[in-house]
Amino acid sequence: MPALSTSQGAAAPFLGVVANRFRCPTRVTLLLTLIFGFAAVRALAQENNPYAGDAKIAKVGEYQFRLNCAFCHGLGARGGGRGPDLTRAQKRHGNSDAEMFHNIHDGIPGTAMPAATNGGIGVGMSDEEIWQVVTYLRSVQVKAPAQPAGNPEHGKELFHGALACSTCHMIERRGGRLGPDLSTVGASRSTEYLAESLRNPSRRLAQGIFEAMKEFPQEYESVLVVTADGTKLSGVVLNQDQFTLQMLDAREQLHLFEKDKLRSFEIRRESAMPVYDQKALSDKDLQDLLAYLFEVSGK
Amino acid sequence: MDAPHVSPSEEVGRDGNMKRILTAATVLLGFCLGGVSARGQVTPERLLESAKEPQNWLMYSGDYAGRRYSRLDQINTKNAASLVPKWAYQTMAGGKFETTSLVVDGVLYATGADDRAFALDARSGRPIWQYQRSLPPDIRPCCGRVNRGMAILGDKVFLGTLDAHVIALDTKTGNVAWDVGTSDYSKGYSITLAPLVINHLVLIGVSGGEYGIRGFIDAYDAATGARKWRFYTIPGPGEPGHETWEGDSWKIGGAPAWITGTYDPATNTTFWTTGNPSPSNRGQGREGDNLYSNSLLALDPDTGKLKWYFQFTKHDEHDYDATQVPVLVDDGDRRLIVQANRNGFFYVIDRSSGKLLSATPYGRVTWSNTKDASGVPIERKEASPTLTGVPVCPGAIGATNWMSPTYDPQTKLFYVTAREQCDIFSTAPQPYEAGHAFYGSAYFPNDDAQPFWGAVRALDPATSQIKWELKHLSPSWSGVLSTAGGLVFTGDAEGNFMALDAASGKILWHFQCGASVYASPMSYAIDGKQYVAVAAGATLFAFGLP
Chain A
98 MPALSTSQGA
108 AAPFLGVVAN
118 RFRCPTRVTL
128 LLTLIFGFAA
138 VRALAQENNP
148 YAGDAKIAKV
158 GEYQFRLNCA
168 FCHGLGARGG
178 GRGPDLTRAQ
188 KRHGNSDAEM
198 FHNIHDGIPG
208 TAMPAATNGG
218 IGVGMSDEEI
228 WQVVTYLRSV
238 QVKAPAQPAG
248 NPEHGKELFH
258 GALACSTCHM
268 IERRGGRLGP
278 DLSTVGASRS
288 TEYLAESLRN
298 PSRRLAQGIF
308 EAMKEFPQEY
318 ESVLVVTADG
328 TKLSGVVLNQ
338 DQFTLQMLDA
348 REQLHLFEKD
358 KLRSFEIRRE
368 SAMPVYDQKA
378 LSDKDLQDLL
388 AYLFEVSGK
Chain B
847 MDAPHVSPSE
857 EVGRDGNMKR
867 ILTAATVLLG
877 FCLGGVSARG
887 QVTPERLLES
897 AKEPQNWLMY
907 SGDYAGRRYS
917 RLDQINTKNA
927 ASLVPKWAYQ
937 TMAGGKFETT
947 SLVVDGVLYA
957 TGADDRAFAL
967 DARSGRPIWQ
977 YQRSLPPDIR
987 PCCGRVNRGM
997 AILGDKVFLG
1007 TLDAHVIALD
1017 TKTGNVAWDV
1027 GTSDYSKGYS
1037 ITLAPLVINH
1047 LVLIGVSGGE
1057 YGIRGFIDAY
1067 DAATGARKWR
1077 FYTIPGPGEP
1087 GHETWEGDSW
1097 KIGGAPAWIT
1107 GTYDPATNTT
1117 FWTTGNPSPS
1127 NRGQGREGDN
1137 LYSNSLLALD
1147 PDTGKLKWYF
1157 QFTKHDEHDY
1167 DATQVPVLVD
1177 DGDRRLIVQA
1187 NRNGFFYVID
1197 RSSGKLLSAT
1207 PYGRVTWSNT
1217 KDASGVPIER
1227 KEASPTLTGV
1237 PVCPGAIGAT
1247 NWMSPTYDPQ
1257 TKLFYVTARE
1267 QCDIFSTAPQ
1277 PYEAGHAFYG
1287 SAYFPNDDAQ
1297 PFWGAVRALD
1307 PATSQIKWEL
1317 KHLSPSWSGV
1327 LSTAGGLVFT
1337 GDAEGNFMAL
1347 DAASGKILWH
1357 FQCGASVYAS
1367 PMSYAIDGKQ
1377 YVAVAAGATL
1387 FAFGLP
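Given below as structure tokens:
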């Protein structure tokens, strides 16, 4: 079974499928359990980081991190435009060494995080190299990240009230969808990054991931469309290719267009979000808002 | 060498003529070979005369000149808008699908991820046989478990494998006829390219520039698999060029040859290109030009002896592999090789001497701003990667990459998939360890720049000027095919496969494949009907007229 032998980690979920295909569930499942049982034993043996606390290995891991991870997570693991800050002690997808190993080895379904095995990240990482990266991340982990000094309760009021952030952004399934969902952004982006996004929203749009083949990258560009009958629509780009355009208008109505049937369209790499300068948002309120984002992302 | 002109009246679609030509060719071949070759089998002579059978696609680039040009014109600018999918074949494999199919007399041969290979009825896409290699779990392919295709001769098709073997499969059954190891996969050697058959030899190179290998190009006896010669792309002690490496760095200097070469029968010379020196983005420790990394090599196909070389990027620090198909172009009396290089320059080279005629940027270039006395672009000192990083264009993926360009002898234009992306290159000093990634550096997207984008560009080799450009929203990994129908076929990262007017770049037709096109298209005909085939996602698609 060459097709399966290369993906030990993912073998278990396929057992049922394969068995069904062979129409002989008991025997095939038994056989496969025997075969993949070995893989499972090997995986269990990898619960513990063999290099835990080794400063020299952490340095090696830093090189591995730069090679394989920094493209999205930034130099120093502090989060780039694409991937979360990994120096936080509280990681959304698991904090134990084994969970971190698993996340790097197998990727995180439903996110842009690919598997590190051959064909995934970079040149493909060996188990040893993954443990080196885990060791490195432990060495740069900030034990108690500086919590934004603000008042999260007031931040929440601002978000859903006076500042009207929730018109476009969702937190815990409440709010709009013209901008990115911010339920977990406090955990995944540095406070500096978030502050900049408020003060100067167009400076860096939310970035798509590396290759369009993996997931379509939504970058929240602004778009102005004039349809064949002269109707003008403005909103944000949901997805597009050479021939088609999906957009959400200001009322979150989804429009699906063929570009050559439009009278015109203009896509600008500018955020539809207003600039929250000192006048619109004082430094104190900014801290309160950040405190709220930080708090809610820990839930 | 320009192949004899085939007028439209002799093309497929005018059945009678085609059949007459084929019958004559078969009779002639049978006579010449004294009946040794079974009817229908591919002979070295048929490979030489591939232009005479435009219904077939006999090698990776379609012909020895590497032009990826089809002489079929049934699908043309007038009817391309009506193209429809004719069949789809699912490999059920994840990852990238980079194959170029071969078609011989109605049978299509192609490869898939994880060293799959299969033969299909080229009319229906129905499989005749399927093969998949049992690979060791610890192979180290750098950039996906990919394969780009096969070569064919006699009753065998040939492919290189991710565990660095070359194997021959029986064309009728897919059974392994022979299997030879080339090198140690655990040290990072792997093979992804389609081999090239010349006479009775199977020529093939190796990947592994990310692991500190020592690159080579091999030739194997097509009948037995016995190795006839090996050319190391890094000269050993005592050989000319060895002095271009510091200390023992030559032993782990990379220079892989991971894209299929081309061949000029007139001078019996085969042309191969090589990749980056290792570690790819850190020059310290390997002072010197690092021959023959990032070079064009002119080899005698019978002996593997080097006739001449031309190095595109000396002492490379930006991963500018020269592994783009070196295309043979004849411009009047001039016998040329043209290459749109990953480093952003379009090179025109005299193919009898290896002398550089011109090097002109075809995209944004900041790594070089000077040329040496012979006109070769030289690295700007400030472009050398540092610990904190420096922005350089093109980025690490290059102004183009392995995806095939095409040369259309009708428009006399060269078409290439180009990428506009700058990266920040930073060093990460790293000791060599066998089988481990050996970049010596890292790169990051330059976030301040505009988002990356791509294009198909039509270049005139006579002037090196860009005639037209079709912009892609994001950079594409699709190769380009040109046809006698006045068309250029290519795909994009958003999954569209398209037919363009070769003269203007205007899009005449498109089809959404549902996954990025990560392969170079080809064309063939059967029963008087022309098809265009391309891989996307896990699927091989064939398109034709309704």
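So the protein lines, in turn, are chains A and B.
For what it's worth, the working numbering labels the leading residue of the first sequence as 98, then goes sequentially.
For what it's worth, the working numbering labels the leading residue of the second sequence as 847, then goes sequentially.
Where is the CB? At the ideal position from N, CA and C, for every residue including glycine.
Residue i, DSSP secondary structure in three states
{"i": "residue 256/A", "result": "helix"}
{"i": "residue 1096/B", "result": "helix"}
{"i": "residue 231/A", "result": "helix"}
{"i": "residue 899/B", "result": "coil"}
{"i": "residue 1101/B", "result": "coil"}
{"i": "residue 868/B", "result": "Model confidence at residue 868/B stands at a pLDDT of 42, short of 50, so the residue's coordinates are unreliable and nothing is read from them."}
{"i": "residue 873/B", "result": "Summary for residue 873/B: the model assigns pLDDT 40, below 50, so the residue's position carries little reliability; its value from the coordinates is reported in the next sentence. If DSSP states are grouped into helix, strand and coil, residue 873/B belongs with the helices."}
{"i": "residue 344/A", "result": "strand"}
{"i": "residue 197/A", "result": "helix"}
{"i": "residue 238/A", "result": "coil"}
{"i": "residue 271/A", "result": "strand"}
{"i": "residue 1254/B", "result": "strand"}
{"i": "residue 1284/B", "result": "coil"}
{"i": "residue 369/A", "result": "coil"}
{"i": "residue 894/B", "result": "helix"}
Among the options, the one whose alpha carbon lies nearest that of residue i
{"i": "residue 974/B", "options": "952/B, 960/B, 986/B", "result": "952/B"}
{"i": "residue 1215/B", "options": "1191/B, 1018/B, 1236/B, 1234/B", "result": "1191/B"}
{"i": "residue 1246/B", "options": "1283/B, 1301/B, 1225/B, 1255/B", "result": "1301/B"}
{"i": "residue 1115/B", "options": "1279/B, 1353/B, 1200/B", "result": "1200/B"}
{"i": "residue 1050/B", "options": "1091/B, 1376/B, 1042/B", "result": "1042/B"}
{"i": "residue 938/B", "options": "923/B, 928/B, 957/B", "result": "957/B"}
{"i": "residue 1221/B", "options": "889/B, 965/B, 1194/B, 1182/B", "result": "1194/B"}
{"i": "residue 1463/B", "options": "1339/B, 1329/B, 901/B", "result": "Since the displayed chain B opens at 847 and closes at 1392, residue 1463/B lies outside it and no answer follows."}
{"i": "residue 1070/B", "options": "889/B, 1151/B, 1022/B, 934/B", "result": "1022/B"}
{"i": "residue 948/B", "options": "932/B, 899/B, 1034/B, 988/B", "result": "899/B"}
{"i": "residue 1350/B", "options": "914/B, 1367/B, 1260/B", "result": "1260/B"}
{"i": "residue 1208/B", "options": "1362/B, 1110/B, 1265/B, 1072/B", "result": "1265/B"}
{"i": "residue 1275/B", "options": "1345/B, 972/B, 1235/B", "result": "1235/B"}
{"i": "residue 1286/B", "options": "162/A, 276/A, 258/A, 152/A", "result": "162/A"}
{"i": "residue 1139/B", "options": "1146/B, 1148/B, 1129/B", "result": "1129/B"}
Separation of residue j from residue i, as counted between CA atoms
{"i": "residue 350/A", "j": "residue 327/A", "result": "18 Å"}
{"i": "residue 1347/B", "j": "residue 185/A", "result": "53 Å"}
{"i": "residue 1241/B", "j": "residue 1172/B", "result": "21 Å"}
{"i": "residue 983/B", "j": "residue 1005/B", "result": "20 Å"}
{"i": "residue 1162/B", "j": "residue 1229/B", "result": "11 Å"}
{"i": "residue 253/A", "j": "residue 386/A", "result": "7 Å"}
{"i": "residue 139/A", "j": "residue 379/A", "result": "Low confidence applies here, because residue 139/A scores a pLDDT of 45, under 50, leaving its location unreliable and the question unanswered by this model."}
{"i": "residue 978/B", "j": "residue 1055/B", "result": "25 Å"}
{"i": "residue 1187/B", "j": "residue 994/B", "result": "19 Å"}
{"i": "residue 1226/B", "j": "residue 1304/B", "result": "28 Å"}
{"i": "residue 1052/B", "j": "residue 278/A", "result": "46 Å"}
{"i": "residue 931/B", "j": "residue 970/B", "result": "11 Å"}
{"i": "residue 1238/B", "j": "residue 1290/B", "result": "11 Å"}
{"i": "residue 182/A", "j": "residue 169/A", "result": "10 Å"}
{"i": "residue 158/A", "j": "residue 960/B", "result": "29 Å"}
{"i": "residue 920/B", "j": "residue 1060/B", "result": "46 Å"}
{"i": "residue 1280/B", "j": "residue 212/A", "result": "23 Å"}
Buried or exposed by the 16-neighbour rule on C-beta atoms within 10 Å, applied to residue i
{"i": "residue 149/A", "result": "exposed"}
{"i": "residue 190/A", "result": "exposed"}
{"i": "residue 371/A", "result": "exposed"}
{"i": "residue 902/B", "result": "buried"}
{"i": "residue 374/A", "result": "exposed"}
{"i": "residue 206/A", "result": "exposed"}
{"i": "residue 986/B", "result": "buried"}
{"i": "residue 1025/B", "result": "exposed"}
{"i": "residue 1002/B", "result": "buried"}
Touching or not, the region 1155-1175 of chain B and the region 1114-1125 of chain B, by the rule of three or more beta carbon pairs under 8 Å? Yes, the region 1155-1175 of chain B touches the region 1114-1125 of chain B.
Counting beta carbon pairs with one atom in the region 905-918 of chain B and one in the region 1320-1332 of chain B, are three or more of them shorter than 8 Å? Here the region 1320-1332 of chain B makes contact with the region 905-918 of chain B; the two share three or more CB pairs at distances below 8 Å.
Three-pair Cβ contact test at 8 Å for the region 1023-1031 of chain B versus the region 1087-1102 of chain B: The answer is no - the region 1087-1102 of chain B does not touch the region 1023-1031 of chain B, with fewer than three Cβ pairs under 8 Å.
Listed in chain order, which residues of the region 1351-1362 of chain B have Cβ atoms closer than 8 Å to some Cβ of chain E? This model lacks chain E altogether; the protein chains it does include are A and B.
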